[in-house]
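Numbering follows UniProt numbering, with no gaps: position 181 of the sequence shown is 181.
By construction, the Cβ of each residue, glycine as well, lies at the ideal position given by its N, Cα and C atoms.
Report on the following structure.
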Amino acid sequence: MATLLLNKLLDSAKAIEDGDLNLAESVFKEIKCLNDANTSTAARKLVRFYVEALIRRLYKLYPRNPTPLAPSTDSYYIRCWRFLPFVWFAEKSSHHSILDAVVGKKKVHVINFSNMEFNMLIRDLMRDLVKQVGSGLSFQVTNIRPKLSNNEEYLQEMDRVLAAEAKTLRLTDFKLDHVFANTAAGIVEATLNLKRTSEDEAIVVKWEFELHKLILVPGALEKVLSKLKELRPEIMVIVEQEANHNSPDILDRLAQSFPYYSSVFDSVEKDTPEHDLENKISWEMDFRRQITNVVAREDIQHAERHETQAWWRDQLRGLGFHPVRQWFNHVRGFLFSDSTQYTIEGKNGCPLLRRYTVPLAITSAWKPELAQSDGGEQFFCFKKMISNTLHFFTMIIIIVVYFSLQMNASL
């Protein structure tokens, strides 16, 4: 049934591209009849959302707000309105890599580009750093994110929770800033305003499902990564959906995205607890918005330009970053402990989230080449090389003198 429905969706998309509106309408009616007979609730919703996206493409009826606010003003639902498997994977898959990158550092600044409101990573990172360095930890967080609600109580609650945690841990200094950036231009502007406060500051950059937004604006990705490279972060972690939704051909985008969102909607339907109905609705709305953007929009309005890890690897290497290997055995089994649907496996040294056979999200870690070749470190390496060379020649001289004395004594 799924294959037949996908083929019909492709037929309708081709009819739209060919300008054959009568054929497109006829295929839509066929899809509706087939979909009504579908026994899967998740599949019916998915097909309905794809048809909606194609109709929007046909008649150019686009949503007024491509990045809508959270559907609830309740701070709990705002924090939890992103798809739970993505939230947990983003937090758990990067924690140890970040901790290893800043080991022994007493002044840490986390720059967090995220569309999620969970603060577990920040809280747990503060706790683990205090365990490592003891007293004297200075900790700063800069959150650069889209505005999720006109009710800013959820931000105030985050401030209170983290400030209380900092007080409990007796941090020397704690600072938390929020910068709203709803568009690619906003992300660029916020990034260009970032500054390193001191040379001993250990900077951590984390992207949670936001970096792909820069692809739609020519030069935006280069500007942002160039600026971040100047800041010399200890590590830059990128969490993105592992999918190819960036083809210029609408038929390719539809064919690539349908199996992906089919797995996602099946999970939303089957894995959501009954008491989390509001979260379930929120997750469906978010993925419905993504499908609309992937299928209906073109050019600069096509914001959900998800790419695969291979594509990101080429881009980042070309812009002067090298990959940092991650250890992720600790991540296995953290998600939905009563289910075997989700697995964590390695892909090119990166933790990859799968549901059954479908890859959904991947975490990669990077460091700028500059961090390996900046002036201070070059000078340190040069001094160490000179010291080792002098030590080597000193030992040679001592050995030569020793054997010379031995030979003279024997004579």
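Quick check: the stretch 126-139 against the stretch 255-262, are at least 3 beta-carbon pairs closer than 8 angstroms? As far as the Cβ criterion goes, the stretch 255-262 does not touch the stretch 126-139, which means the pair count is below three.
With distances taken from CA atoms, which of Phe180, His109, Asp266 is nearest Arg196? His109
Indicate whether Glu240 and Ile362 have their beta-carbon atoms separated by less than 8 angstroms. Closer than 8 angstroms, so yes.
Would you check if the stretch 102-116 and the stretch 158-170 touch, i.e. whether three or more CB-CB distances between them fall below 8 angstroms? Not touching, per the Cβ criterion.
From the DSSP output, in three-state form, read off Lys60 for me. coil
Let me make sure I understand the geometry here. Which of Tyr62, Val224, Met126 has the alpha-carbon closest to that of Leu162? Met126
Distance, Asn193 Cα to Arg232 Cα: 15 angstroms
The stretch 174-190 touching the stretch 133-150, judged by at least three CB pairs closer than 8 angstroms: yes
Sub-8 angstroms separation of Glu278 and Ala42 beta-carbons: no
Identify the continuous beta strand (DSSP E) that holds Arg145 and give its terminal residues. 138-145
Reduced DSSP category for His212 - H, G, I as helix; E, B as strand; rest coil: helix
Would you mind working out which of Asp271, Gly320, Tyr62, Ala2 sits nearest residue 415, comparing C-alpha positions? This structure cannot speak to residue 415, because the chain is shown only from 1 to 411.
Whole runs of the beta strand (DSSP E) within the UniProt region "SAW" (296-367), excluding any shorter than 3 residues: 321-323, 342-347, 350-355
Three-state secondary structure (DSSP) at Asp20? Three-state DSSP puts Asp20 in coil, outside helix and strand.
Just the C-alpha distance for Glu199 and Gln309, rounded to the nearest angstrom, thanks. 32 angstroms
Cross-strand partners of His178 (DSSP beta bridge): Asn143
If Leu61 and Ile16 are in contact, beta carbons under 8 angstroms, what's the gap, nearest whole angstrom? Contact between Leu61 and Ile16 does not hold, since the beta-carbon distance rounds to 13 angstroms and is not under 8 angstroms.
First and last residue of the alpha helix (DSSP H) that includes Val223? The identity of residue 223 in the sequence shown is Lys, whereas the question assumes Val. That run of the alpha helix (DSSP H) goes 220-230.
Over what stretch of residues does the alpha helix (DSSP H) that includes Lys258 continue unbroken? Note on residue identity: the sequence assigns Phe, not Lys, to residue 258. Phe258 -> alpha helix (DSSP H) spans 250-271.
Are the Cβ atoms of Gln48 and Asp286 separated by less than 8 angstroms? Rather than Gln, the amino acid found at residue 48 in this sequence is Arg. Against a cut-off of 8 angstroms, the Cβ pair of Asp286 and Arg48 comes out as no contact.
Quick check: what's the CA-CA separation for Val87 versus Asn115? 10 angstroms
How about Arg64 and Ala296: are their beta carbons less than 8 angstroms apart? no
Could you give the DSSP three-state label for Lys195: helix, strand or coil? Here Lys195 sits in coil by DSSP.
What span of residues does the beta strand (DSSP E) with Glu234 cover, start to end? Looking at the DSSP string, Glu234 is not in any beta strand (DSSP E), and its letter there is neither H nor E.
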